[in-house]
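Colleague:
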Amino acid sequence: MRSEYDFSDGVRGKHYRAYRRGHQVKIYKDDGRISVQNFKLEEGAVFLEPDIQPYFPNSDAVNEALRGLIALIPKREKQAA
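The opening residue of the sequence shown carries number -17 in this note's numbering; numbering runs sequentially from there.
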């Protein structure tokens, strides 16, 4: 980053709750037009809370941890109806 960009007061995760709900970006064109783009999370996308993120550097780490937990869940036999 260039030295003129000062992120020392930045707060990690400041907007994550709003981002989860979806967000809109407006792009103001030189000719006065406004382009609007709406963004929503893709199906299956998951957000980690800020206090959890340091433990999972990437999606592989999350999946590995979840598979380990799933292996601990006892399998239930189907019950007759």
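Here a beta-carbon is modelled for each residue, glycine too, at the ideal position from N, C-alpha and C. None of the values given here were measured: they were computed from a predicted structure.
Rounded to a whole number of angstroms, what is the C-alpha to C-alpha distance between Met(-17) and Asp(-9)?
Modeller: For this step, residue -17 is matched to residue 1 along the sequence shown. For this step, residue -9 is matched to residue 9 along the sequence shown. Approximately 15 Å between the Cα atoms of the pair.
Colleague: Report the residue ranges of all beta strand (DSSP E) runs contained in full by the region -13 to 53; include only those spanning at least 3 residues, in chain order.
Modeller: Taking only runs of at least 3 residues, the beta strand (DSSP E) segments lying wholly in the region -13 to 53 are 5 to 10 and 16 to 21.
Colleague: Within this structure, are the beta carbons of Asn20 and Gln6 separated by less than 8 Å?
Modeller: Walking along the sequence shown from the start, residue 20 turns up at place 38. Walking along the sequence shown from the start, residue 6 turns up at place 24. The answer is yes: Cβ separation under 8 Å.
Colleague: Looking at Lys8 and Ile16, is the spacing between their C-beta atoms short of 8 Å?
Modeller: Indexing the sequence shown from 1 puts residue 16 at position 34. Indexing the sequence shown from 1 puts residue 8 at position 26. Result yes, Cβ atoms of Ile16 and Lys8 sit closer than 8 Å.
Colleague: Taking Glu25 as the reference, give the member of Arg2, Asn45, Ala47 and Val44 with the closest Cα.
Modeller: Counting from 1 along the sequence shown, the entry for residue 25 is found at position 43. Measuring from the Cα of Glu25, the nearest candidate turns out to be Arg2.
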